[in-house]
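Here the structure is laid out as structure tokens; the discussion comes afterwards.
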Amino acid sequence: MADSTDVFERKDDQPDRLTSLYGLTPKVETAILEAVQSGAVRRVRTLIAPLHPADQADLLERMPTRSASAMVRLLGDNLDAETLTYVDEGTREAIIEAIGPDALARQLQDLSTDDAINIVEELEQDDLQEVLAALSAEDRVLVEEGLSFPEDSAGRLMQREIVTVPSFWTVGQTIDFLRSGKSSIEDFFLIFVIDPSRRPLGEIALSRLLCAQRPRRVSELMNTDFRSIPVDMDQEEVAVLFRRYGMVSAGVVDPQERLVGMITNDDVIDVIDEEAEEDLLALAGVGDANLRSGLWETLQGRSSWLFINLLTAVLASAVIGLFDATIERLVALAVLMPIVASMGGNAGTQTMTVAVRAIALRQLDATATRQFVLRELIVATTNGLLFAALAAGLSYLWFGDPEIAIVMAVAMMANLLVAGLSGTFVPVGLMRAGVDPAVASSVFVTTITDVVGFFVFLGLAALYLM
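Below, the structure is given as structure tokens:
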């Protein structure tokens, strides 16, 4: 077998440039898998050690569950604690099951509170209590306090480890305090200035502090134009604030305006990814799916939406059934029906997607909603006229009947208008009703466009052609 140093050499012929620039190349992955399968503890640890935690997480996610569990057992305490923050939920569950609560507690002690809480909040209650019991008293208090905040709130997202100084301190006092080791925080770039009640007065970037003269007071250097985040604010709203104001970090305050933690932009990036993934999966009707989801969990998540889709399909079919005699007498209608329904469904989905995104970004206030509806109505009308003409021309060339072409044009125009309106009003209506538009919009929009498309097309045919 090749020497362990050889497998980390970069090869110019690697197909994936991203992986070739970093540690986890196919050659490294193969070497690790072989070492895991043979139970070579020292070799596994030697091969894993140079990898970044994100690369270790990527490897664990791609390995079969049994191999991933075997690898973390071989690594033991050599498993980088940060790896747990990068893996997906299914892989994390397998890792935690493999290492046990005591080992997990040791791993959590190397993480910031926000990362530790993110890992333990998904545990079953019995497992959670075992892990908490294995933590040190100080860490246990911090984790329990974090878990007391609402799920998906700023309190769950924040890290409790922050550097605070009083406003009357000088730059020299602050630097001496940081060097003394009395602050247990290893990585930080922002210092908060607080009053005796722990209310934030301002913040100082570490770079500015280091460049200032020692006799200057921190109150002279601090930035007072800062935005604090309420501890109970939803994480989606936190992400919106960070995006809107280009924030790198922000203090978190309790209802008494006391500083209790800090949120950084890396936490917000995770939130944005998580929310985008949730919306994408919800629009597809597959719930919280991943490659390690169990068979029953996957079936349960998808079958509920398929059942709803079946009901809506029956409704559309019932509309068609009202005009079965018309279809029997004019077969051309059966040929053209899917075109009307498909165009309406696609147009509605386009508008709905834009609306759901705008809602997620908090862009649709009362004024913006009116402007959005007007714009989509104009777009729907323009598209309706264009595709009505195209559909009429196609129908005439296909069947040579001008009356069918007219019916097709009117139905296409009507359905595209309805698609634009439903794609706008359905998400907005669901939002105001307190329902996540990403979850339910597609079912309603598709049903409306199918029913209206079939009813208008077949109804006009029954009245005009028969």
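Under the numbering used here, the final residue of the sequence shown carries the number 522; numbering is consecutive throughout.
A virtual CB, placed ideally from N, CA and C, is assigned to each residue, including glycine.
Please report the residue range of the beta strand (DSSP E) in which residue 261 lies. The residue labelled residue 261 in the question sits at position 205 within the sequence shown. Counting along the chain, the beta strand (DSSP E) containing residue 261 begins and ends at 256-261.
Cα-Cα separation, residue 156 to residue 180: For the purposes of this step, residue 156 is taken as residue 100 along the sequence shown, with counting starting at 1. For the purposes of this step, residue 180 is taken as residue 124 along the sequence shown, with counting starting at 1. Answer to the nearest angstrom: the Cα atoms are 13 Å apart.
Terminal residues of the beta strand (DSSP E) in which residue 306 lies: Against the sequence shown, residue 306 aligns to sequence position 250. Annotation: the continuous beta strand (DSSP E) that includes residue 306 extends over 305-309.
For residue 61, which residues in the same chain have their Cβ closer than 6 Å to its Cβ, ignoring the five residues on either side in sequence? Indexing the sequence shown from 1 puts residue 61 at position 5. In this prediction, residue 61 scores a pLDDT of 41, lower than 50, which makes its location untrustworthy; the coordinate-derived value is nonetheless stated afterwards. If we look at residue 61 and ignore the five residues flanking it on each side, it has no Cβ neighbours.
Using 8 Å as the cut-off, can you tell me whether the stretch 375-385 makes contact with the stretch 475-493, which would need three or more C-beta pairs spanning the two stretches below that distance? In short, these stretches do not touch, since the Cβ pair count stays below three.
Below 8 Å between beta carbons: does that hold for residue 188 and residue 327? For the purposes of this step, residue 188 is taken as the residue at position 132 of the sequence shown. For the purposes of this step, residue 327 is taken as the residue at position 271 of the sequence shown. Taking 8 Å as the Cβ cut-off, residue 188 and residue 327 do not qualify as a contacting pair.
Contacts around residue 205, its chain only, beta-carbon distance under 8 Å, and the 5 residues preceding and following it disregarded: By one-based count along the sequence shown, residue 205 stands at place 149. Cβ within range, chain order: 211, 212, 287, 288.
Measuring CA to CA, which of 229, 192, 254, 250 is closest to residue 279? Position 223 of the sequence shown, counted from the start, is the residue given in the question as residue 279. The option with the nearest alpha carbon to residue 279 is 250.
On the CB-based measure, 16 or more other CB atoms within 10 Å of its CB, does residue 140 come out buried or exposed? Within the sequence shown, numbered from 1, the residue matching residue 140 stands at position 84. Flag for residue 140 reads buried.
Could you tell me if residue 136 is buried or exposed, where buried requires 16 or more neighbouring beta carbons within 10 angstroms of its beta carbon? One-based indexing of the sequence shown puts residue 136 at position 80. Buried, because 16 or more other Cβ atoms sit within 10 Å of the Cβ of residue 136.
I need the straight-line Cα distance from residue 118 to residue 93, nearest angstrom please. Taking the first residue of the sequence shown as 1, we reach residue 118 at position 62. Taking the first residue of the sequence shown as 1, we reach residue 93 at position 37. Computed Cα separation, rounded: 15 Å.
State yes or no: is the C-beta of residue 468 within less than 8 Å of the C-beta of residue 399? Here residue 468 corresponds to residue number 412 of the sequence shown, with the count starting at 1. Here residue 399 corresponds to residue number 343 of the sequence shown, with the count starting at 1. In contact: residue 468 and residue 399 (Cβ atoms closer than 8 Å).
DSSP state of residue 223 mapped onto helix, strand, coil: By 1-based counting over the sequence shown, the position of residue 223 is 167. Three-state DSSP puts residue 223 in coil, outside helix and strand.
Among 471, 274, 447, 472, the one whose alpha carbon lies nearest that of residue 460: Taking the first residue of the sequence shown as 1, we reach residue 460 at position 404. For residue 460, the nearest C-alpha among the options comes from 447.
Just to confirm the assignment, what range does the beta strand (DSSP E) spanning residue 317 have? In the sequence shown, counting from the first residue as 1, residue 317 sits at position 261. That run of the beta strand (DSSP E) goes 315-320.
Contained beta strand (DSSP E) runs [length at least 3] in the stretch 403-429, N- to C-terminal order: Those beta strand (DSSP E) runs which fall completely within the stretch 403-429 and span 3+ residues do not exist here.
Count the other CB atoms, across all protein chains shown, that sit within 10 Å of the CB of residue 371; report buried if there are 16 or more and exposed otherwise. Here residue 371 is taken as the residue at index 315 of the sequence shown, counted from 1. Exposed, since its Cβ has fewer than 16 Cβ neighbours within 10 Å.
Cβ of residue 472 within 8 Å of Cβ of residue 443? Residue numbering aside, residue 472 sits at position 416 when the sequence shown is read from its first letter. Residue numbering aside, residue 443 sits at position 387 when the sequence shown is read from its first letter. It is a contact, given that the beta carbons lie within the stated cut-off.
How far does the alpha helix (DSSP H) with residue 176 in it reach, from first residue to last? Position 120 of the sequence shown, counting from 1, holds the residue named residue 176. Start and end: 169-176.
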